[in-house]
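Below: the structure, in C-alpha cells.
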Amino acid sequence: MAARMMPSRHDPIRRRDETAIGISVDGEPIAGVEGQSIAGVVLARGRLAWRTTSAEGRPRGLFCGIGVCFDCIVTVNGERDVRACQRRASDGDVVETQHDELPEAAR
Ligand code: FES
0 MAARMMPSRH DPIRRRDETA IGISVDGEPI AGVEGQSIAG VVLARGRLAW RTTSAEGRPR
60 GLFCGIGVCF DCIVTVNGER DVRACQRRAS DGDVVETQHD ELPEAAR
C-alpha cells in the first residue's frame, strides 16, 4: 500500500500523548514536552538566542538545526559544547548558556 493510501489510524507519525518535562536554562525553569530537543524547548519559550560569539559578543541560537554549524552550543548538566539542536531534552536537565573569550593570541 502506498503511503498516501495509508489510513490515518495506521500512520506511525501521528500525534502522540504529550508527557510534560521541565528543564532550567540559566536558572530559569522552562516547560517542554518529552521528545523535544533542548533548542526546541528554548525556542518554544520564545528565546531566539542563547550564546554569544567570542569575537564580538553577538547573539547566536539555532542556525542550521541539523548539527552542522555549532551555533547552538550550550552546557548541559556540566557537559560543555552540547549542540542544543541535537540533544533531546530530559526532565531535570540543567542548561547553561556559553560565552568563551577568544584566546589571547587571537585578539
Ligand atoms: S543549530 Fe547548527 S549545530 Fe545546532
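The letter at position 71 of the sequence shown is residue 70 when you use our numbering, and the numbering goes up by one with no holes. The beta carbon of each residue, even a glycine, is placed where N, CA and C say it ideally should be. Quantities reported herein were computed from a predicted structural model and do not represent experimental measurements.
Contact check, residue i vs residue j, beta carbons under 8 Å
{"i": "residue 81", "j": "residue 93", "result": "no"}
{"i": "residue 86", "j": "residue 37", "result": "yes"}
{"i": "residue 88", "j": "residue 24", "result": "no"}
{"i": "residue 44", "j": "residue 97", "result": "no"}
Assigned secondary structure, residue i (DSSP; H/G/I helix, E/B strand, else coil)
{"i": "residue 53", "result": "coil"}
{"i": "residue 78", "result": "strand"}
{"i": "residue 39", "result": "helix"}
{"i": "residue 59", "result": "strand"}
{"i": "residue 103", "result": "helix"}
{"i": "residue 23", "result": "strand"}
Option in the options with minimal Cα separation from residue i
{"i": "residue 76", "options": "19, 9, 55 and 91", "result": "91"}
Contact test: residue i Cβ vs the ligand ZN heavy atom, cutoff 7 Å
{"i": "residue 6", "result": "The model depicted lacks the ligand ZN and carries the ligand FES instead."}
Own chain partners of residue i with C-beta closer than 6 Å, once the 5 adjacent residues on each side are dropped
{"i": "residue 47", "result": "60"}
**Report entry** Chain-ordered residues, beta carbon under 7 Å from a heavy atom of the ligand FES
**Finding:** 38, 61, 62, 63, 64, 65, 66, 67, 68, 69, 70, 71, 82, 83, 84 and 85
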